[in-house]
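Beneath this line is the structure, given in structure tokens, with notes to follow.
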Amino acid sequence: MPKGQPSVVPDDGLTTRQRRNRPLVVVHTGIGKGKSTAAFGLALRAWNQGWPIGVFQFVKSAKWKVGEENALRVLGASGEGGSVDWHKMGEGWSWVQRDAQMDNEEKAREGWEQVKRDLAAETYRLYVLDEFAYPMHWGWVDTDEVVSVLRERPGTQHVVITGRNAPEKLVEFADLVTDMSKVKHPMDAGQKGQRGIEW
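Counting in the UniProt record's numbering, the sequence shown runs from 1 upward without gaps.
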């Protein structure tokens with residue numbers, strides 16, 4: 001794709017501008033590190049464009065403080081770019097299902113219901129649905145419904161979904177899918193996560 005030019009231009013009746021400004025569904029999946037980090041990088045770009053941003057953190061603990069949250073909240077409150085709202089839905093780590101699974105399931109469903117309301121109201125221009133692949137993979141949220149809602153969303157709302165094991169139906173529907181593969185990770189050598197790298 002030299003100089004940002006597409007290799008194929010579909011015969012879909014859209015102008016170049018219409019095609020360029022088409023709202024996207026983006027999926028970051030795979031076992032490698034960096035899925036959420038990449039999504040928050042997109043949020044920084046959206047903030048710079050003055051877009052309102054809604055971050056919905058599924059499954060991760062509401063007590064967990066990630067660096068991106070603090071940075072994006074400060075930027076959102078600065079008045080220089082877009083606004084940022086941050087919603088935490090879960091109670092436990094995304095890769096560990098605890099005894100409180102039913103509570104987590106309920107919160108994930110509640111979170112999805114809020115996302116649906118915000119999509120219908122066109123509340124945000126960019127939605128980061130962090131770790132949302134897990135509730136679909138675990139059957140807590142119906143993938144067919146997610147695809148249907150995203151297909152019918154009004155306006156120019158971009159949606160980024162992160163998490164391992166993104167359902168195939170979501171992958172097929174999405175406009176942009178990146179599978180983060182792991183080549184090496186410090187945890188493989190017994191090193192725990194560290195400040196500034198994992199959070």
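For glycine and all other residues, C-beta sits at the position ideal for the given N, C-alpha and C.
W86 and L129 have their C-alpha atoms some 10 Å from each other. For Q114, there are no CB contacts under 6 Å within the same chain when 5 residues up- and downstream are skipped. For the 8 Å CB-CB criterion, S36 and T162 form a contact.
A direct Cα-Cα distance of roughly 12 Å separates Q57 from V160.
At the C-beta level, L75 and F40 stay beyond 8 Å of one another.
For G30, the closest C-alpha among the options L126, R22 and N165 is that of N165.
For V147, the closest C-alpha among the options W138, P167, K184 and Y134 is that of P167. The distance from the Cβ of A43 to that of V55 is about 7 Å, consistent with a contact at the 8 Å cut-off. Its chain contains F56, F58 and M89 as the residues whose beta carbon lies nearer than 6 Å to that of G111, once the 5 sequence neighbours on both sides are disregarded; these appear in chain order. For Y127, the enclosing beta strand (DSSP E) covers residues L126 to D130. Between G79 and M180, the gap from beta carbon to beta carbon reaches 8 Å or more.
Between R153 and W51, the C-beta gap is not smaller than 8 Å, which leaves the two residues out of contact. When DSSP reads this structure, F58 sits in no beta bridge, so it has no partner.
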